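Note sheet for the following structure.
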Amino acid sequence: MDDVAAWLDQLPQELGAQRRLLGRLVAWCKQDDDVRWLTIGSSLERGNADRLSDLDVAIGAKEEHFEQTLGRVRQVMGGLGDLVESFDYSIPHISPPRRYFAQYSDRTQIDLTLGFDPVVNIPQSVVLYDPEGAVHVVGDEVSEPKPEEVRVWACPGWEALVNAGK
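Sequential numbering from 0 applies to the sequence shown in numbering that gives the first Met the number 0.
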């Protein structure tokens, strides 16, 4: 896990808030017996994050303890920083089954996908916790989103935009 500490330490000073959140999240994953692995992707993985970048993380949990793990994820997310708001939701037609979003007062955000272990082929990610070596990063083999996925992602945004104007 020295590699994880070194990876976190190499993040630019501008990403101090993200580094702190990730460090706390990694520490929690190590303590929870039902968490099998933790990865991070998107701009932090690509090395082009800035102070407004969110943390796109994925956690693999034991299927038989999934709901209990989700409850603990909710609890830990509230304690990682000064939480403004959070929610979890299911995305129809998309697996893994749950997403969790958290907004913190320092403008950092976590977009967390919680799935069942063993989901082991993860695209373009940095593995932050994986004591059993279950995760296989598949690199650039990212599939294009299906039209229904894009629709499911866009509709809540349109709704929020319209509601903000009311």
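Just so it is clear, CB atoms sit at the ideal spot from N, CA and C, and this is done for glycine as well. Keep in mind that this is a model prediction, so the values were computed, not measured.
DSSP beta-bridge partners of residue i
i: Ala101; result: Ser85 and Ile109
i: Asp55; result: Gly40 and Asp110
i: Val34; result: Ala60
i: Val126; result: Thr38
Closest Cα partner of residue i within the set the options
i: Trp36; options: Gly156, Gly114, Gln123 and Leu160; result: Gly114
i: Asp55; options: Glu62, Gly164, Asp110 and Pro130; result: Asp110
i: Phe86; options: Gln108, Asn47 and Phe65; result: Gln108
i: Gly15; options: Ser41, Asp33, Asp53 and Arg71; result: Asp53
i: Val151; options: Pro130, Asn162, Tyr88 and Gly132; result: Tyr88
i: Tyr99; options: Glu84, Asp105 and Arg106; result: Glu84
i: Glu13; options: Asp49, Leu7 and Ala153; result: Asp49
i: Arg23; options: Gly46, Trp157 and Leu79; result: Leu79
i: Gln9; options: Lys29, Asp31, Gly77 and Asn47; result: Asn47
i: Val137; options: Glu131, Asn162, Val125 and Gly164; result: Val125
i: Ser42; options: Gln17, Glu66 and Asp31; result: Gln17
Nonlocal neighbours in the same chain, by C-beta distance under 6 Å from residue i, ignoring five residues either side
i: Val75; result: Trp27
i: Asp33; result: Ala60, Lys61, His64 and Thr68
i: Asp129; result: Trp36
i: Gly156; result: none
i: Pro11; result: none
Integer Cβ distance of residue i from residue j, believed to fall under 8 Å
i: Glu197; j: Gln102; result: In this structure the chain extends from 0 to 165, so residue 197 is not present and cannot be described.
i: Asp31; j: Arg71; result: 6 Å
Nonlocal neighbours in the same chain, by C-beta distance under 8 Å from residue i, ignoring five residues either side
i: Asp81; result: Tyr103, Ser104 and Asp105
i: Leu160; result: none
i: Trp6; result: Val125 and Leu127
Spatial neighbours of residue i in its chain, beta-carbon cut-off 7 Å, leaving aside the 5 residues before and after
i: Val25; result: Val3, Leu37, Leu127 and Tyr128
i: Met0; result: Note that Met0 scores a pLDDT of 47, beneath 50, so its modelled location is shaky and nothing firm can be said.
i: Lys29; result: Tyr128
i: Pro96; result: Ser89 and Gly114
i: Leu51; result: Arg106
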